Amino acid sequence: MHTMRLGGGSKRLPTVFTTSPYCSESLHLRRSSKLKASNEMTNEYWKHDRLDRRRDADFLYNFLAGQHAKRKARGHKASYVLNVDADWGGGKSFFLEGLALEMEDKGHLVARINAWKDDHASDPYVAIMAAIDRAFAPFVAKAGAIERAWNATKQSGGPIALRIGGAIVKGLAKKHVGIDFEDLAALVDVENELGDIAETAVSEGAGAATKELDKLFDSSLEALIKGFQKTDRAMVDFRTKLANAISSIEGKKTAPFFILVDELDRCRPTYAVALLERVKHLFDVDGIIFVFATNSDQLQHSISGAYGPNFNGFRYLKRFFDRTYVFERPTIDRLVENLVAQLPKSKLKAPDDALAETIARGCDAFGFDLRAVEHVVDMIDCAVTAWPHDLPADIVLLFALCAHFYQTGKAEWPSSNNEAIRRWQLRRMEYNYEGRRSEMTISMREIYSYECSIFNSMEEIMGESRRANRDDPAIEYVSRVLTPEWSGKTVNRSQPSIQTELLGLVANAGRMLSRDEQREHQ
Numbered sequence: 040m041h042t043m044r045l046g047g048g049s050k051r052l053p054t055v056f057t058t059s060p061y062c063s064e065s066l067h068l069r070r071s072s073k074l075k076a077s078n079e080m081t082n083e084y085w086k087h088d089r090l091d092r093r094r095d096a097d098f099l100y101n102f103l104a105g106q107h108a109k110r111k112a113r114g115h116k117a118s119y120v121l122n123v124d125a126d127w128g129g130g131k132s133f134f135l136e137g138l139a140l141e142m143e144d145k146g147h148l149v150a151r152i153n154a155w156k157d158d159h160a161s162d163p164y165v166a167i168m169a170a171i172d173r174a175f176a177p178f179v180a181k182a183g184a185i186e187r188a189w190n191a192t193k194q195s196g197g198p199i200a201l202r203i204g205g206a207i208v209k210g211l212a213k214k215h216v217g218i219d220f221e222d223l224a225a226l227v228d229v230e231n232e233l234g235d236i237a238e239t240a241v242s243e244g245a246g247a248a249t250k251e252l253d254k255l256f257d258s259s260l261e262a263l264i265k266g267f268q269k270t271d272r273a274m275v276d277f278r279t280k281l282a283n284a285i286s287s288i289e290g291k292k293t294a295p296f297f298i299l300v301d302e303l304d305r306c307r308p309t310y311a312v313a314l315l316e317r318v319k320h321l322f323d324v325d326g327i328i329f330v331f332a333t334n335s336d337q338l339q340h341s342i343s344g345a346y347g348p349n350f351n352g353f354r355y356l357k358r359f360f361d362r363t364y365v366f367e368r369p370t371i372d373r374l375v376e377n378l379v380a381q382l383p384k385s386k387l388k389a390p391d392d393a394l395a396e397t398i399a400r401g402c403d404a405f406g407f408d409l410r411a412v413e414h415v416v417d418m419i420d421c422a423v424t425a426w427p428h429d430l431p432a433d434i435v436l437l438f439a440l441c442a443h444f445y446q447t448g449k450a451e452w453p454s455s456n457n458e459a460i461r462r463w464q465l466r467r468m469e470y471n472y473e474g475r476r477s478e479m480t481i482s483m484r485e486i487y488s489y490e491c492s493i494f495n496s497m498e499e500i501m502g503e504s505r506r507a508n509r510d511d512p513a514i515e516y517v518s519r520v521l522t523p524e525w526s527g528k529t530v531n532r533s534q535p536s537i538q539t540e541l542l543g544l545v546a547n548a549g550r551m552l553s554r555d556e557q558r559e560h561q
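In terms of my numbering, the sequence shown is residues 40 to 561.
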């Protein structure tokens, strides 16, 4: 027992061994258990990796960690910005979340930003700060150095009070942000803005004001920057305090601090440009690494389109990225497998139950590139999503319709003599009882031709079912598609198969543009 003097006397108090080997071992076990659970969750996530993106994630993490160490050794105090470039359907979003999990497993603080979801905001500064705030939240729950450093950063970025005005500003701004409106007005020339501020206060009301104040962010940063046009003191102050906030967590988390930005290429061009400018001018801070995932080709054309034909979008984007890492383009099989995973597979029937392979071989037969594959599978998705029947739709008919529509813009049944349909096959190997191997081909043309010849009449379908040679794989497959429509049911023999409804669905699906196609038509 140690003696601790309290006041003028002394009391014998029990010693608390905060560094007890038993406590230390218990803490180590708890941390190990949490780390193991986190690693298991990450490994489970990567089980769905169909494009081998974990290999990219491992390489890029090691590269970025190495870059951070190298720059730190050289005394290079600035952020690092990496752009990961891939076409749509290339697995960027899946990759970025997997990369975030890997980084968190290794002890890093990670902020996630979905730029497209946030592009309704007037200033992307708000979205970036909100993402950082969420990442910092576990470390500022209790008062301390981290909380003070982070609050100083938010205050230096500009209080939200500028948008509220009136008595709401004077009361709530002081309460929540610690800066009086008159003090702020003394720093910034806002006389011309006061009328708009008061109008905003009336329209939004105190409830909305309180909600916004709780976020502690606002585009008032613009006003602060305007007020210091002759110098960059405001931005330097913000960057310094942000760097201090990041440094304050280094004992809790492994450096650097990663900020991952997804879907920038889907944003309004003006918002995308503003976000990049904010990153360059406000968040160029030591200890931060940004990782963007974009379709760079689409992004540069989108920016060029917004700012005029003489605007060089490619050169403009190069200003912001230290490096660009280009994903290896997936093969058609890998891309189709990835896209088909998103389809409602219970609503589709395929030969030999090989849905992805049937679509992939169809894409090969039609000579589609990766972009065409995405369009056709998207049409299939739209059509089958609207499929109203319990029985599944036949992918042979549906793919042929969608592929033909993509090539011609016409919703019509293509001829079975179409050269692409003739080439469309699944190859299989068979072994007889003697173990000899022979090749069997499932011809999509035979399936398509036979099904089209009978699907306009249930009577024809029922008659063919009784006469059919079940040893023929095409006939066997068509029978399995159509027989459930009438077997054990009362039907109108003159009515057509429900599969004929696919034509109308494809006609409608062809008019439903995806977000990507909408941008192309703008």
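Cβ coordinates follow ideal geometry from the N, Cα and C atoms, glycine included.
Only a predicted model underlies this, so the values are computations on that prediction, with no experimental measurement involved.
Three-state secondary structure (DSSP) of residue i
i    : result
K156 : helix
E376 : helix
D301 : strand
D408 : coil
E413 : helix
I264 : Bear in mind that the predicted position of I264 carries a pLDDT of just 47, short of 50, making it too unreliable to give a figure here.
L121 : strand
V365 : strand
R532 : coil
H443 : helix
T333 : strand
A546 : helix
R476 : strand
S562 : Residue coverage of the chain in this structure runs from 40 to 561, which leaves residue 562 outside it and unanswerable.
L90  : coil
W504 : Note that residue 504 corresponds to Ser in the displayed sequence, not to Trp. Helix at S504.
C402 : helix
R358 : coil
C421 : helix
Q381 : coil
I167 : helix
W525 : coil
H115 : coil
Cross-strand partners of residue i (DSSP beta bridge)
i    : result
I493 : According to DSSP, I493 bridges with nothing at all.
I327 : F296
L387 : A432
I481 : L465
H147 : T293
Candidates the options: closest to residue i by CA position
i    : options                   : result
V300 : K156, G448, A380 and R278 : K156
S482 : F134, A389 and V312       : A389
Q446 : F353, F297 and F405       : F405
K386 : E376, R519 and L430       : L430
S118 : D95, F297 and K131        : F297
E141 : D172, L103, A166 and K109 : L103
S335 : W127, F178 and N101       : W127
R532 : V545, D510 and F494       : F494
S504 : R93, L521 and Q339        : L521
S132 : Y84, S496 and P453        : Y84
G401 : E458, F350, N351 and W426 : E458
CB of residue i within 7 Å of CB of residue j, strictly
i    : j    : result
A439 : Y487 : yes
R362 : L148 : no
L281 : V324 : yes
T480 : R462 : no
E376 : A345 : no
A548 : A422 : yes
F366 : G137 : no
I537 : H428 : yes
A399 : I371 : yes
R307 : D162 : no
V123 : A332 : yes
N78  : D144 : yes
A154 : E302 : yes
L90  : R519 : no
P348 : G326 : no
L541 : L437 : yes
K292 : G146 : yes
R475 : M468 : no
A450 : A513 : no
R484 : S454 : no
A176 : A150 : no
F359 : K319 : yes
E490 : V530 : no
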